[in-house]
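Asker: Protein sequences, first through last, are from chains A and B.
Reminder that position 8 of the first sequence reads as 10 in this note's numbering, one-by-one numbering, no gaps.
Reminder that position 183 of the second sequence reads as 185 in this note's numbering, one-by-one numbering, no gaps.
The C-beta atom is built at its ideal place from N, Cα and C for all residues, glycine as well.
Everything numeric in this text was worked out from a predicted model, so none of it was measured.
Sending over a structure as structure tokens; questions will come in a sec.
2 protein chains.
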Amino acid sequence: MTETTVYSGSGLVHIKNPHLDSMEEDILYHLDLGTKTHNLPAMFGDIKFVCVGGSPNRMRAFAQFMHKELGLAGDGEDLADICAGTDRYAMYRAGPVLSISHSMGIPSISIMLHELIKLLHHAKCRDVTIIRIGTSGGLGIEPGTVVITDTAVDSSFKPRFEQVVLEDVVVRSTELDKDLAKELLACSKEIPEFLTLIGHTMCTYDFYEGQGRLDGALCSFSSEKKLEYLKRAYNAGVRNIEMESTAFAALCGLCGLKAAVVCVALLDRLEGDQIRAPHEVLWEYQQRPQRLIAAFIRKQLGLRPPAGNTLFFTN
Amino acid sequence: MTETTVYSGSGLVHIKNPHLDSMEEDILYHLDLGTKTHNLPAMFGDIKFVCVGGSPNRMRAFAQFMHKELGLAGDGEDLADICAGTDRYAMYRAGPVLSISHSMGIPSISIMLHELIKLLHHAKCRDVTIIRIGTSGGLGIEPGTVVITDTAVDSSFKPRFEQVVLEDVVVRSTELDKDLAKELLACSKEIPEFLTLIGHTMCTYDFYEGQGRLDGALCSFSSEKKLEYLKRAYNAGVRNIEMESTAFAALCGLCGLKAAVVCVALLDRLEGDQIRAPHEVLWEYQQRPQRLIAAFIRKQLGLRPPAGNTLFFTN
Numbered sequence: 003m004t005e006t007t008v009y010s011g012s013g014l015v016h017i018k019n020p021h022l023d024s025m026e027e028d029i030l031y032h033l034d035l036g037t038k039t040h041n042l043p044a045m046f047g048d049i050k051f052v053c054v055g056g057s058p059n060r061m062r063a064f065a066q067f068m069h070k071e072l073g074l075a076g077d078g079e080d081l082a083d084i085c086a087g088t089d090r091y092a093m094y095r096a097g098p099v100l101s102i103s104h105s106m107g108i109p110s111i112s113i114m115l116h117e118l119i120k121l122l123h124h125a126k127c128r129d130v131t132i133i134r135i136g137t138s139g140g141l142g143i144e145p146g147t148v149v150i151t152d153t154a155v156d157s158s159f160k161p162r163f164e165q166v167v168l169e170d171v172v173v174r175s176t177e178l179d180k181d182l183a184k185e186l187l188a189c190s191k192e193i194p195e196f197l198t199l200i201g202h203t204m205c206t207y208d209f210y211e212g213q214g215r216l217d218g219a220l221c222s223f224s225s226e227k228k229l230e231y232l233k234r235a236y237n238a239g240v241r242n243i244e245m246e247s248t249a250f251a252a253l254c255g256l257c258g259l260k261a262a263v264v265c266v267a268l269l270d271r272l273e274g275d276q277i278r279a280p281h282e283v284l285w286e287y288q289q290r291p292q293r294l295i296a297a298f299i300r301k302q303l304g305l306r307p308p309a310g311n312t313l314f315f316t317n
Numbered sequence: 003m004t005e006t007t008v009y010s011g012s013g014l015v016h017i018k019n020p021h022l023d024s025m026e027e028d029i030l031y032h033l034d035l036g037t038k039t040h041n042l043p044a045m046f047g048d049i050k051f052v053c054v055g056g057s058p059n060r061m062r063a064f065a066q067f068m069h070k071e072l073g074l075a076g077d078g079e080d081l082a083d084i085c086a087g088t089d090r091y092a093m094y095r096a097g098p099v100l101s102i103s104h105s106m107g108i109p110s111i112s113i114m115l116h117e118l119i120k121l122l123h124h125a126k127c128r129d130v131t132i133i134r135i136g137t138s139g140g141l142g143i144e145p146g147t148v149v150i151t152d153t154a155v156d157s158s159f160k161p162r163f164e165q166v167v168l169e170d171v172v173v174r175s176t177e178l179d180k181d182l183a184k185e186l187l188a189c190s191k192e193i194p195e196f197l198t199l200i201g202h203t204m205c206t207y208d209f210y211e212g213q214g215r216l217d218g219a220l221c222s223f224s225s226e227k228k229l230e231y232l233k234r235a236y237n238a239g240v241r242n243i244e245m246e247s248t249a250f251a252a253l254c255g256l257c258g259l260k261a262a263v264v265c266v267a268l269l270d271r272l273e274g275d276q277i278r279a280p281h282e283v284l285w286e287y288q289q290r291p292q293r294l295i296a297a298f299i300r301k302q303l304g305l306r307p308p309a310g311n312t313l314f315f316t317n
């Protein structure tokens with residue numbers, strides 16, 4: 003059974019669950035929000051951009067950065083965590099931009115996306131663009147390079163996401179929005195300080211054995227076998243490796259959200275496994291996708307960069 | 003290819019990676035610890051119990067609780083997060099007990115376990131017992147019941163964990179320590195305020211479609227199909243469902259750690275999908291595995307309950 007991406011015409015989020023309408027209340031448990039306890043249309047109805055990433059601190063920093071980039075009142079330093087009642091995820095907003103953490107791995111981002119997509123549905127949001135801004139291991143590219151994903155592939159380099167539904171395996175498309183990827187690449191031309199490119203992103207269920215690392219608690223393969231695998235990935239078009247993109251592409255695609263994945267490479271996996279760069283270098287790398295997305299959102303909103311904009315910000 | 007659990011005789015953690023010895027430095031990136039930056043034997047060499055759970059707040063509360071239960075000096079309120087330099091995981095210690103969060107899902111717990119197991123290896127820890135204390139959905143049991151896992155099974159009710167290594171699938175045993183499970187059940191007899199039982203635990207990659215929930219953003223099956231699946235799981239011996247136990251059992255087993263999984267059921271999935279109990283009820287439920295493990299650790303250390311011990315503590 004194969005499901006393919008379908009975009010809805012209304013601009014509304016496309017919920018595919020006939021049971022949802024008959025529920026008197028919907029508790030978004032892991033976000034600590036709900037349809038009876040919160041006025042979701044009032045809280046979120048005007049959201050146009052959702053940015054998601056693994057680390058809660060990074061997603062708070064991104065919301066603060068966007069607050070400044072959009073020229074909103076106040077310094078944005080005291081943004082409240084909308085999901086403060088739970089420590090599963092953190093959520094912040096800056097104008098029409100929602101910034102949410104999803105922790106690491108497909109199961110964790112899936113829980114967040116199911117509840118986020120229901121939130122956007124309940125809030126009657128329209129024409130939402132969703133972008134994952136993350137970190138990744140690069141493949142044959144310089145550390146610090148930003149990769150815009152054209153296709154998310156699995157550990158066999160196939161553009162598919164296998165979802166277990168009850169006991170059956172359903173294969174889903176991992177297509178992302180090609181126009182959005184091109185628009186993002188165009189935006190990157192205005193930021194010459196770092197390289198941005200488009201490539202395939204490989205998504206795995208494991209950071210160590212699943213990505214061919216030699217430095218886990220378990221490793222049963224040789225350095226040669228590892229390199230042979232990674233070079234095959236490179237030859238298949240893979241330019242970076244992370245742990246969420248296939249599920250993200252599949253779920254967002256099925257629900258009619260325009261979606262993109264933009265990750266910075268923290269290292270080149272053809273050169274090593276350990277992430278050895280100093281904290282301050284890694285921190286600056288992590289800002290690169292944020293700067294690109296800020297430029298894109300400003301452009302979409304017809305805004306110019308704020309006066310006195312500091313291109314680099316600190317933790 | 004099938005790998006089975008092997009216990010080492012020395013009491014040391016059993017690292018199965020020939021590459022590790024030749025590394026000059028080991029950076030445990032997601033724990034923000036390393037062999038050159040930290041004296042791991044001095045920091046962790048005396049650790050005998052490691053408790054892991056999804057939520058960082060809960061694992062801090064558990065460390066504070068253990069601090070009191072072990073009669074350690076001070077009130078334990080200001081325990082420092084040993085992994086404060088990263089927000090991927092949180093880690094606290096109380097005497098010989100380490101308490102670590104792993105967030106949600108197999109990929110996330112796998113990253114933490116690889117780095118934790120290397121930490122225990124570098125620190126030359128001996129005879130470590132590791133216990134996952136978590137939350138879960140119950141199956142045909144009262145909410146609030148504590149389930150000690152005898153066997154972790156996958157979504158087809160099979161006691162196996164499939165790990166992708168490079169591109170191949172390796173099948174691993176999900177056996178847990180049977181004697182440890184029995185000892186934990188014996189301890190539970192001393193806590194009559196709640197029910198504890200032994201059963202199979204089903205581990206899935208997804209909270210919504212993968213566990214047969216009708217309340218996700220996507221749902222393509224009927225209520226009847228859902229119940230048919232969950233009843234088959236019940237008939238196969240499954241008493242609760244969570245998202246980490248098979249990987250936990252497989253990794254700990256291969257590395258020679260005595261391991262147990264003890265989860266409280268927050269609801270009965272035969273009765274519904276949404277977690278509707280009030281926060282204070284859920285909070286008390288989450289303390290139940292902690293109380294059981296505290297009783298077990300005290301018994302192992304030959305300690306009696308502290309004077310004036312409050313059985314219920316608040317967030």
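Taking DSSP as the reference, what is the three-state secondary structure of A:H16?
Answerer: coil
Asker: Which same chain residues, not among the five before or five after A:G55, have their C-beta less than 6 Å away from its C-beta?
Answerer: M61, I135 and G136
Asker: Quick one: give me the first and last residue of the beta strand (DSSP E) that A:V99 is part of.
Answerer: V99 to S103
Asker: What in chain B is Cβ-close to A:Y331, meaning under 7 Å?
Answerer: This structure leaves residue 331 of chain A out entirely; chain A is present only between 3 and 317.
Asker: Take A:I29 and list the residues in its own chain whose beta-carbon comes closer than 7 Å to its own, dropping the five residues that flank it on each side.
Answerer: G36
Asker: Determine, using beta carbons only, whether A:H202 and A:D270 come nearer to each other than 9 Å.
Answerer: no
Asker: Would B:H116 pass as a contact of A:F223 if the rule is Cβ separation under 9 Å?
Answerer: no
Asker: Do you know whose CA, among B:V283, B:G142, B:P307 and B:A75, lies nearest B:C189's CA?
Answerer: B:P307
Asker: Using 9 Å as the limit for Cβ to Cβ distance, is B:A154 near chain A?
Answerer: no
Asker: What separation, rounded to the nearest whole angstrom, lies between the Cα atoms of A:F46 and B:T176?
Answerer: 43 Å
Asker: Establish whether the CB of A:M93 and some CB of chain B are separated by less than 9 Å.
Answerer: no
Asker: Starting from A:K120, find everything on chain B with Cβ-Cβ shorter than 9 Å and list it in chain order.
Answerer: D217, G218 and A219
Asker: Tell me, which residues are paired with A:Q165 by DSSP?
Answerer: A:V172
Asker: Looking at the C-beta of B:R128, does it have a partner C-beta in chain A at a distance below 9 Å?
Answerer: no
Asker: Return helix, strand or coil for A:I295, following the three-state DSSP convention.
Answerer: In this structure, A:I295 counts as helix in the three-state DSSP scheme.
Asker: Who are A:Y94's beta bridge partners in DSSP?
Answerer: A:S101
Asker: With 16 other CB atoms within 10 Å as the buried threshold, where does B:V283 fall?
Answerer: exposed
Asker: Starting from A:M1, find everything on chain B with Cβ-Cβ shorter than 8 Å and list it in chain order.
Answerer: Residue 1 of chain A is absent from the structure shown; chain A starts at 3 and stops at 317.
Asker: Secondary structure at B:N41, three-state DSSP: helix, strand or coil?
Answerer: In the three-state reduction of the DSSP assignment, B:N41 falls in the coil class, being assigned neither a helical nor a strand state.
Asker: Quick check on A:Y31 - is its C-beta less than 9 Å from some C-beta in chain B?
Answerer: yes
Asker: Taking A:L220 as the reference, which of B:K301, B:C254 and B:E244 has the closest Cα?
Answerer: B:C254
Asker: Could you check the C-alpha separation between B:K120 and A:L14 for me, to the nearest Å?
Answerer: In a straight line, the C-alpha of B:K120 is about 48 Å away from that of A:L14.
Asker: Taking buried to mean at least 16 other C-beta atoms within 10 Å of its own C-beta, is B:T147 buried or exposed?
Answerer: buried
Asker: Are there 16 or more other CB atoms within 10 angstroms of the CB of A:A235, so buried, or fewer, so exposed?
Answerer: buried
Asker: Any contact between the stretch 243-254 of chain A and the stretch 104-115 of chain A? By contact I mean 3 or more CB pairs, one from each, below 8 Å.
Answerer: yes
Asker: What do you reckon, are the CB atoms on A:L33 and A:T88 nearer than 9 Å?
Answerer: yes
Asker: Find the nearest neighbour of B:V130 within the set B:D179, B:V149 and B:E79, judged by alpha-carbon distance.
Answerer: B:D179
Asker: Looking at chain A, is there any beta carbon in it that lies within less than 9 Å of the beta carbon of B:S175?
Answerer: no
Asker: Mind pulling the chain A residues with CB within less than 9 Å of B:G212?
Answerer: At a C-beta separation below 9 Å, B:G212 has these neighbours in chain A: P109, S112, Q165, V166, V167 and L168.
Asker: Keeping to the same chain, check which residues put their C-beta closer than 8 Å to that of B:R278; ignore five residues upstream and five downstream.
Answerer: L269
Asker: Quick one, are the C-beta atoms of B:A251 and B:A238 less than 9 Å apart?
Answerer: Going by C-beta atoms, B:A251 is not nearer than 9 Å to B:A238.
Asker: How far does the alpha helix (DSSP H) with B:T2 in it reach, from first residue to last?
Answerer: This structure cannot settle anything about residue 2 of chain B, because the visible part of chain B is limited to 3 through 317.
Asker: Across the stretch 284-299 of chain A and the stretch 63-74 of chain A, are there enough close Cβ pairs to call them in contact, namely three or more that are closer than 8 Å?
Answerer: yes
Asker: Looking at the secondary structure, which residues open and close the alpha helix (DSSP H) in which A:G55 lies?
Answerer: Taken as a continuous stretch (DSSP letters only), A:G55 belongs to no alpha helix (DSSP H), being part of the beta strand (DSSP E) at F51 to G55.
Asker: How many Å lie between A:A96 and A:C205 at the Cα?
Answerer: 29 Å
Asker: List in chain order: all unbroken beta strand (DSSP E) runs of 3+ residues lying wholly within the stretch 197-238 of chain A.
Answerer: 198-205
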